[in-house]
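Each residue of the sequence shown is one higher than the last, beginning at 0 in numbering that gives the first Met the number 0. Ideal Cβ placement from N, Cα and C applies to all residues, glycine included. Being a predicted model, the structure only gives us computed values, none of them experimental.
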Amino acid sequence: MDDVRVVTPTLEQILAFCAEDPVERVFLEDIARRGLGRISALARDGSVAALCHVGANVVPSGAGCAAFAEAAARSQARMIIGEERAVDELWAAVERRMPLPRDDRPGQPVYTLREPPEPGETGLRPARSSDVELLVPACAAAHREEIGIDPLRRDPEGFRWRTRVQVDEGRSWIWLEDGMILFKAEASAWTPSAVQLQQVWVDPEVRNRGYAQRGMRDLCRLLLELVPTVCLFVRPENAPALRVYEAIGMTRELSYRSLVF
């Protein structure tokens, strides 16, 4: 009989598991390397078959994620998010013990880019501390557009702190002209194998002028000098974003599913 149990994995076990799919598991690898969060593993005959991070978000990965149902049920998480089949399996095991999701987003394309696109010829640069007051409302607007919740109403101080930390850690980039954000984005995860981008945003007053595509070109060129892959995921109904990502050469590699509570 197989020896199958939920255990606390070592960093080496986490990294070995994530190396099997460094794009799909970029978030898990990032938080493990930084010593953040709580990660459990499903061990089968001594090897890791699945991982699950439980925090503000629950992030499962691998085969057998139903094993994490108890931890997910106790989590009071704001989201369950990850590779679609892993989320499907976990949610099927836990849905009767958790609130009804406010939003269920299957089939979210995960896009990757491994070759530098043509230059965008922008003023893109790493964000600085002096940009934070401008970035906080922009990041909140991006969050609201993506998730449907205003973080400045739910947790204003926490959101401001997280925005500042992203800037301080060199995970935020901005293209600013005359006080207007023509493009900005942050890294939600960063490993030696990949950077995952989030909150790609252009001020509504200057949208549909090509700034998003140009900003993405220059940001991806910058990042591909540091890591082999840039990736992100997006709502499948967000047609303008899909056009931008495909125009710079990104290709769909897998699908995520997000449950928003």
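Beta bridge counterpart(s) of residue i as assigned by DSSP
{"i": "residue 179", "result": "176"}
{"i": "residue 165", "result": "Note: residue 165 sits in no beta bridge, so no partner."}
{"i": "residue 189", "result": "194"}
{"i": "residue 232", "result": "109"}
{"i": "residue 61", "result": "49"}
{"i": "residue 42", "result": "4, 47"}
{"i": "residue 125", "result": "172"}
{"i": "residue 262", "result": "Because residue 262 is not part of the residues shown, which for the chain are 0 to 260, the question remains open."}
{"i": "residue 18", "result": "Per DSSP, none; premise fails for residue 18."}
{"i": "residue 159", "result": "Looking at the DSSP assignment, residue 159 forms no beta bridge with any residue, so it has no partner."}
{"i": "residue 278", "result": "Because the chain spans 0 through 260 in this model, residue 278 falls outside it and cannot be assessed."}
{"i": "residue 81", "result": "256"}
C-beta atoms of residue i and residue j nearer than 7 Å
{"i": "residue 86", "j": "residue 256", "result": "yes"}
{"i": "residue 116", "j": "residue 30", "result": "no"}
{"i": "residue 62", "j": "residue 92", "result": "no"}
{"i": "residue 211", "j": "residue 201", "result": "yes"}
{"i": "residue 53", "j": "residue 16", "result": "no"}
{"i": "residue 188", "j": "residue 26", "result": "yes"}
{"i": "residue 229", "j": "residue 100", "result": "no"}
{"i": "residue 155", "j": "residue 142", "result": "no"}
{"i": "residue 88", "j": "residue 190", "result": "no"}
{"i": "residue 123", "j": "residue 222", "result": "no"}
{"i": "residue 121", "j": "residue 214", "result": "yes"}
DSSP-derived helix/strand/coil call for residue i
{"i": "residue 226", "result": "coil"}
{"i": "residue 55", "result": "coil"}
{"i": "residue 2", "result": "coil"}
{"i": "residue 100", "result": "coil"}
{"i": "residue 213", "result": "helix"}
{"i": "residue 75", "result": "coil"}
{"i": "residue 238", "result": "helix"}
{"i": "residue 86", "result": "helix"}
{"i": "residue 131", "result": "helix"}
{"i": "residue 95", "result": "helix"}
{"i": "residue 251", "result": "strand"}
{"i": "residue 201", "result": "coil"}
Rounded separation between residue i and residue j - CA only
{"i": "residue 237", "j": "residue 2", "result": "44 Å"}
{"i": "residue 131", "j": "residue 43", "result": "46 Å"}
{"i": "residue 140", "j": "residue 158", "result": "12 Å"}
{"i": "residue 125", "j": "residue 177", "result": "17 Å"}
{"i": "residue 75", "j": "residue 55", "result": "8 Å"}
{"i": "residue 254", "j": "residue 58", "result": "14 Å"}
{"i": "residue 226", "j": "residue 216", "result": "15 Å"}
{"i": "residue 203", "j": "residue 175", "result": "14 Å"}
{"i": "residue 197", "j": "residue 184", "result": "6 Å"}
{"i": "residue 152", "j": "residue 199", "result": "21 Å"}
Residue environment, residue i, which counts as buried when at least 16 other CB atoms sit within 10 Å
{"i": "residue 33", "result": "exposed"}
{"i": "residue 164", "result": "exposed"}
{"i": "residue 0", "result": "With a pLDDT of only 47 at residue 0, under the threshold of 50, the placement of this residue in the model should not be trusted; the figure read from the coordinates follows. With fewer than 16 Cβ atoms within 10 Å of its Cβ, residue 0 is classed as exposed."}
{"i": "residue 6", "result": "exposed"}
{"i": "residue 10", "result": "exposed"}
{"i": "residue 195", "result": "buried"}
{"i": "residue 179", "result": "exposed"}
{"i": "residue 98", "result": "exposed"}
{"i": "residue 284", "result": "Residue 284 cannot be examined here, being either before or after the span of the chain that is shown, 0 to 260."}
{"i": "residue 90", "result": "buried"}
{"i": "residue 19", "result": "exposed"}
{"i": "residue 134", "result": "buried"}
{"i": "residue 250", "result": "exposed"}
{"i": "residue 231", "result": "buried"}
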